[in-house]
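Student: A single structure is presented below for examination.
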Amino acid sequence: MTIELGLMLAGMLMIGFLAQWLAWRVKLPAILFLLLAGIVLGPVGGVLDPDKLLGELLFPSVSLAVALILFEGSLTLRFHELPGIGKAVRGLVSYGAVASLLLLALAAHLVAGLAWPIALLFGALACVTGPTVIAPMLRTLRPNARIANTLRWEGIVIDPLGALFAVLIYEAIVSRQEGHTIGIFVATIGCGAVIGALSAWLMAFFLRRQMIPEYLQNYAVLAAVLLAFSISNTITHESGLLAVTIMGIALGNLRGVHIDDILDFKESLTTVLVSLLFILLAARLRWPLPDGMLGAGIALFVIAQLVVRPLTVAISSFGSGLNWRERTLIGWVAPRGIVAASVSALFALRLDALGVAGAEALVPLVFTLIIGTVILQSATARPLAIWLKVAEPEPRGVLIFGSDQVARAIGKALDEAGFRVVLADDDWDGIRQARMDGLATFFGNPASPHAERHLDLTGIGRLLAVSTHRERNSLACVHYRQEFGRAKVYRLRNLTPQENTDRAALAGSLLAPPLFDEEMTHGRFAEMMRDGWRIKATRLSNTFDWPHFIEQYGSNSVLMFGVEEKGALRVASAKRELEPKPGWTVIALVPPMGV
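Okay, so the sequence shown: first residue is 1 according to UniProt numbering, each after it adds one.
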């Protein structure tokens, strides 16, 4: 039995990895493939029976996994960012979310025949999008910046807020089912809020004073989250999810607490938990579905897609400055994700055990909505954006990995040439200086899970890896080669070909072509700038062509970029020598005498 259990869990991990990998390859939300894998293993193939596999451990395992997922999601909510996200987003995550909740609940009550408490819970779960489904869709959708920012911020903010709505409604249902008074319900909410806030304060106290070594901080936060969840549940039944949600929101907004490494760890852990959890949850679906559930699920999906979302977007974005084309596309795109699937399954388990009527319908209805929105919107959003004329053309912008003097100089030159430039690095001093130079920045590793959710790649189509870390440059090239294509990823050498080992040189050549010329390295570029070399942009003409440029500024000038007459960027590299033509704007590193 132990071997069978171990083999099954290992197989689920591998299947989860393959689902995540496939989602990365085709740029679709991973939740779609995870749910389909669970359905194939469970109700279709009969290979996986979670209740038999885990027995009494199923509910505690799902509960702890959902607690960590909710904590990680709520950790990303930053109150100080809310005033700057725009009127449309504020409307979508406030009165728009409430309107969506009530309309979806009404539809569930009328179409699926759910009692009002379960219908309201369905509405709370179904009104939530999320970064894990929005981010992959935006990469293929490529809308204009206003649409992309609205959808991205809506997903980030409504993820924890929607979870909070769902938890509060769930607490009310449980209190009513168990015959609790309103006083006990309020006590349950109060206990969860107090324990969550107190846990966040204690963890911040230890982190601020460096009382926990760095290598144990992730472990400490993981243990604290699970302990807060369990203690809260022990004191007042079913208050643990509220406690971890409050803990995440509080810890993410306390000053003086550096949580970026913790967030990266939690996101990596969440990837594993989500992979296992959704396969397990989908495998528990019973096929055929209960009478009328498939038809009711499809009907609710149609209502959510064609009525509820467009209506709430119209209400929320009124007077926001978005035009009707932008509001139409936003009203079409609202894929459901992790919170809806994981929390609905956990609540269904608990409510079914309590004998709440209609609880068995919660999971099939939510899962049908998730699969329907992800498939339909992934297939139709890009053509709709093109038809509405709100799709971005071929991305021209440049993502630069690095923020030192070399990276900033390259970024400034491209920015002045009219290209969108984002500098990404986890060196705060460099990022701060780049911001002072007026450049767009992302503080963090651009190849991290955190960047997957928060790095805005709207209009970005190339990567220049120019940091001082050779290995991390290579990782960034591997990561973005799939995102942008092999021909749109470049690196600035850290070592000359003579200094490189044969193996390192071969690996580097396979990852991305070196920037500028065979002998150019990061160290040489920095040294030339210290010696007075400067980056010069000049528009060529028939009377002043590239040979004239070389004659004026010196034959040792280093050609970096060329901008064609129509605005296309050409990158000079050791593998691709440019031949600038009249009408181009050339960007070159020229010696002091040429300035």
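The beta-carbon is built from N, C-alpha and C at its ideal position, and this holds for glycine as well.
Are the beta-carbon atoms belonging to Ala-97 and Leu-161 less than 8 Å from one another?
Tutor: The count along the sequence shown starts at 1 and reaches residue 97 at position 97. The count along the sequence shown starts at 1 and reaches residue 161 at position 161. Cβ atoms of Ala-97 and Leu-161: closer than 8 Å.
Student: For Leu-464 and Tyr-490, which I take to be in contact (beta-carbon distance under 8 Å), what is that distance rounded to the nearest angstrom?
Tutor: The residue you call residue 464 lines up with position 464 of the sequence shown. The residue you call residue 490 lines up with position 490 of the sequence shown. Approximately 5 Å separates the beta-carbon atoms of Leu-464 and Tyr-490; this is inside 8 Å, confirming the contact.
Student: Taking the Cβ atom as the reference point for each residue, do Trp-24 and Gln-482 lie within a distance shorter than 8 Å?
Tutor: Along the sequence shown, one-based indexing puts residue 24 at 24. Along the sequence shown, one-based indexing puts residue 482 at 482. Yes, Cβ-Cβ distance for Trp-24 and Gln-482 is below 8 Å.
Student: Less than 7 Å between C-beta atoms, sequence neighbours within five positions excluded: which residues of the same chain meet that for Gly-16?
Tutor: For the purposes of this step, residue 16 is taken as residue 16 along the sequence shown, with counting starting at 1. Same-chain partners within the cutoff: Leu-34, Ser-275, Leu-276 and Ile-279.
Student: Following the continuous alpha helix (DSSP H) through Arg-325, name the residue where it begins and the one where it ends.
Tutor: For the purposes of this step, residue 325 is identified with residue 325 of the sequence shown, where counting begins at 1. Looking at the DSSP string, the run of the alpha helix (DSSP H) that includes Arg-325 is 324-332.
Student: Select from Leu-18, Ala-512 and Pro-582 the residue whose C-alpha is nearest the C-alpha of Lys-575.
Tutor: Numbered from its first residue, the sequence shown carries residue 575 at position 575. Among Leu-18, Ala-512 and Pro-582, the Cα nearest to that of Lys-575 belongs to Ala-512.
Student: Who are the near neighbours of Ala-299 in its chain, counting only those whose CB is closer than 7 Å to its CB and skipping five residues on each side?
Tutor: Your numbering for residue 299 matches position 299 in the sequence shown. Closer than 7 Å at Cβ, skipping near neighbours: Val-111.
Student: Comparing C-alpha positions only, which one of Val-571, Ser-573, Gln-552 and Gly-583 sits nearest to Glu-565?
Tutor: Taking the sequence shown and counting its residues from 1, one reaches residue 565 at position 565. Looking at the Cα atoms, Gly-583 is the closest of the given residues.
Student: Quick one: give me the first and last residue of the beta strand (DSSP E) that Phe-401 is part of.
Tutor: As a first step, residue 401 is located in the sequence shown; it is residue number 401 there, counting from the start. Segment 397-401, the beta strand (DSSP E) holding Phe-401.
Student: In the DSSP assignment, find the unbroken alpha helix (DSSP H) run with Thr-368 in it and report its ends.
Tutor: Reading the sequence shown from its first residue, position 368 is the one you call residue 368. Run containing Thr-368: 362-388, per the alpha helix (DSSP H) assignment.
Student: Which residues in the same chain have their Cβ closer than 6 Å to the Cβ of Asp-545, if we skip the five residues on either side of it in sequence?
Tutor: Counted from its first residue, the sequence shown places residue 545 at position 545. So the qualifying residues of the chain are Pro-582.
Student: Just confirm the distance between the C-beta atoms of Ser-448 and Gly-248, as a whole number of angstroms; I'd bet it's less than 8 Å.
Tutor: By 1-based counting over the sequence shown, the position of residue 448 is 448. By 1-based counting over the sequence shown, the position of residue 248 is 248. Contact doesn't hold; Cβ gap of about 19 Å is too wide.
Student: Answer yes or no: do Met-8 and Gln-377 have a C-beta to C-beta separation smaller than 8 Å?
Tutor: Within the sequence shown, numbered from 1, the residue matching residue 8 stands at position 8. Within the sequence shown, numbered from 1, the residue matching residue 377 stands at position 377. In this structure, Gln-377 does not lie closer than 8 Å to Met-8 by Cβ.
Student: When burial is assigned at 16 or more other CB atoms within 10 Å of the CB, is Tyr-170 buried or exposed?
Tutor: The count along the sequence shown starts at 1 and reaches residue 170 at position 170. Its Cβ being crowded by 16 or more others within 10 Å, Tyr-170 is buried.
Student: Can you check the stretch 433-476 for any alpha helix (DSSP H) of at least 4 residues that lies completely inside it and give the ranges in chain order?
Tutor: 449-454
Student: Taking the alpha carbon of Val-357 as the reference point, which residue from Glu-56, Trp-116 and Pro-60 has its own alpha carbon closest?
Tutor: Sequence index remark: in the sequence shown, residue 357 carries index 357 (1-based). Residue identity differs from the one stated: residue 357 is Ala in this sequence, not Val. Answer by Cα proximity: Trp-116.
Student: Within this structure, are the beta carbons of residue 601 and Ala-588 separated by less than 8 Å?
Tutor: Given a span of 1 to 595 for the chain in the structure shown, any question on residue 601 remains unanswerable.
Student: Specify, as a first and last residue, the run of the alpha helix (DSSP H) that Thr-234 falls within.
Tutor: The sequence position of residue 234 within the sequence shown is 234, counting from 1. Membership of Thr-234 in the alpha helix (DSSP H) is indicated by the continuous run 214-235.
Student: Spatial neighbours of Ala-334 within its chain, please: CB distance less than 7 Å, with the 5 preceding and 5 following residues excluded, ordered by chain position.
Tutor: The residue given as residue 334 occupies position 334 in the sequence shown. The beta carbon of Ala-334 sits closer than 7 Å to those of Thr-129, Arg-309 and Thr-373, all from its chain and outside the five residues before and after it, given in chain order.
Student: According to DSSP, is Pro-335 helix, strand or coil?
Tutor: Looking up residue 335 in the sequence shown gives position 335. Coil.
Student: Could you work out which residue in Glu-551, Leu-92, Ser-239 and Ala-148 is closest to Leu-164 when comparing CA atoms only?
Tutor: Position 164 of the sequence shown, counted from the first residue, corresponds to residue 164. For the residues Glu-551, Leu-92, Ser-239 and Ala-148, the minimum Cα distance to Leu-164 belongs to Ser-239.
Student: Mapping DSSP to helix, strand and coil, what is Thr-188?
Tutor: Translated into positions along the sequence shown, residue 188 becomes position 188. Look at Thr-188 here: in three-state DSSP terms it is helix.
Student: With a cut-off of 8 Å on the beta carbons, I'd call Met-203 and Leu-251 a contact; round off their distance for me.
Tutor: Residue numbering aside, residue 203 sits at position 203 when the sequence shown is read from its first letter. Residue numbering aside, residue 251 sits at position 251 when the sequence shown is read from its first letter. That pair is a contact at about 6 Å.
Student: Quick one: what does DSSP say Ala-504 is sitting in, helix, strand or coil?
Tutor: Counting from one through the sequence shown, the residue named residue 504 turns up at place 504. With a pLDDT of 49 at Ala-504, under the threshold of 50, the modelled position of that residue is not reliable, and the figure given next carries that caveat. Ala-504 falls in the helix class under three-state DSSP.
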